[in-house]
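Visitor: At position 182 of the sequence shown (counting the first as 1) the number is 182 in UniProt numbering, and the numbers step up by one without a gap. All C-beta atoms, glycine included, are put in the ideal place defined by N, C-alpha and C. Quick one: structure below, then a few questions.
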Amino acid sequence: MHFSDIINQHYEELNEVDLSMGKFILNDAPQVTLMSTNEFAKACHSSKSSVIRFAQKLGFTGFSELRNYLKWQHDPSEMKQQHSFKERVFEDAKRTITYLQENEWLPIYRYLEDTQHVYLLATGVTQQSQAAELQRLLLLIGKPAQLIPASSQSNEFKRIVERLTEKDLIFVLSLSGENRHLANVLNILSIHNSTTVSITNMQNNWLSGRADYSLYASSSRNPNPDDWWLQTASSFFLLIEAFAFGYMDFRRGQDHEDVRF
Numbered sequence: 001m002h003f004s005d006i007i008n009q010h011y012e013e014l015n016e017v018d019l020s021m022g023k024f025i026l027n028d029a030p031q032v033t034l035m036s037t038n039e040f041a042k043a044c045h046s047s048k049s050s051v052i053r054f055a056q057k058l059g060f061t062g063f064s065e066l067r068n069y070l071k072w073q074h075d076p077s078e079m080k081q082q083h084s085f086k087e088r089v090f091e092d093a094k095r096t097i098t099y100l101q102e103n104e105w106l107p108i109y110r111y112l113e114d115t116q117h118v119y120l121l122a123t124g125v126t127q128q129s130q131a132a133e134l135q136r137l138l139l140l141i142g143k144p145a146q147l148i149p150a151s152s153q154s155n156e157f158k159r160i161v162e163r164l165t166e167k168d169l170i171f172v173l174s175l176s177g178e179n180r181h182l183a184n185v186l187n188i189l190s191i192h193n194s195t196t197v198s199i200t201n202m203q204n205n206w207l208s209g210r211a212d213y214s215l216y217a218s219s220s221r222n223p224n225p226d227d228w229w230l231q232t233a234s235s236f237f238l239l240i241e242a243f244a245f246g247y248m249d250f251r252r253g254q255d256h257e258d259v260r261f
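Below, the structure is given as structure tokens:
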């Protein structure tokens, strides 16, 4: 996939500053491969944080990975020195496991326990599969959830809005977390004071900044430019299982406390 195709694929997620950086790369990609993050930011009259955010919107972990992609596109022989895509699966799993071991979600579990309704909103085919798995596990645990299209224009979303309250909990699943069409969805949910939990790739993103709570999993694209449309997703299912089973442990602990008192 050519870099211009990646820009087109994420066009709706990009602002004017992002598009300016994209145009700079398209006009002189070989020169960009020689630049550091700070040098590129200076050349584009932007900031380092904006450059990193731009790269992440396109699906890269950061500017270094974007720069490597441009190198591989310019000289495919560079690929021989890189790790295989299979190893990315292991690396993403390790990063996600480290995150899972370092985080507890007691505030979310407490809210989930007391909530009246649970809704799952997903963008993209892969996220819908992840949401369906979370729905399945919550149902088995005894906490049914409804899977709703992540669109403010869908009839399903309009229907739940009619009865939405501050006691409801909404999970929003998005790979990049930069889907700006979710703005209307989040705005409507905030009006009803509903609590939101984002599930996104392991990076700072717009959605996690808007949500009340955030859950993360690590996901990487294939380093080969010819197969750039492939991206790991297994770590999200690892996160979902850990979250759901952690909630089951939480409920068991609550039951034991009730017995003691």
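1. For Gln203, name the three-state secondary structure that DSSP assigns.
2. Quick check on this structure: which residue in His2, Arg53 and Lys71 has the alpha carbon closest to the alpha carbon of Asp18?
3. DSSP state of Pro30, grouped into three classes?
4. Between Arg252, Leu14, Leu186 and Arg67, which lies nearest to Asn38 when the distance is taken from Cα to Cα?
5. Label Arg163 either buried or exposed according to how many other C-beta atoms from any shown protein chain fall within 10 Å of its C-beta, with 16 as the threshold for buried.
6. Does the separation of the CB atoms of Ser220 and Leu207 fall below 8 Å?
7. Please return the same chain residues whose Cβ sits closer than 7 Å to the Cβ of Ile188, not counting the five positions on each side in sequence.
8. What is the residue span of the alpha helix (DSSP H) that Tyr119 lies within?
9. Name, in chain order, the residues that DSSP records as bridge partners for Pro149.
10. Quick one: Cα of Ser49 to Cα of Glu16, how far?
11. Determine, using beta-carbon pairs with one atom in the segment 130–147 and one in the segment 82–97, whether at least three such pairs fall under 8 Å.
12. At the level of alpha carbons, what is the spacing between Glu102 and Glu156?
13. State the Cα-Cα distance for the pair Leu106 and Gln31, rounded to the nearest angstrom.
14. Using a 10 Å radius around the Cβ and a threshold of 16 neighbouring Cβ atoms, would you call Leu140 buried or exposed?
Guide: With the structure as the only source:
1. coil
2. Arg53
3. helix
4. Arg67
5. exposed
6. no
7. Ser152 and Val161
8. Taken as a continuous stretch (DSSP letters only), Tyr119 belongs to no alpha helix (DSSP H), being part of the beta strand (DSSP E) at Val118 to Ala122.
9. Ala122
10. 15 Å
11. no
12. 36 Å
13. 48 Å
14. exposed
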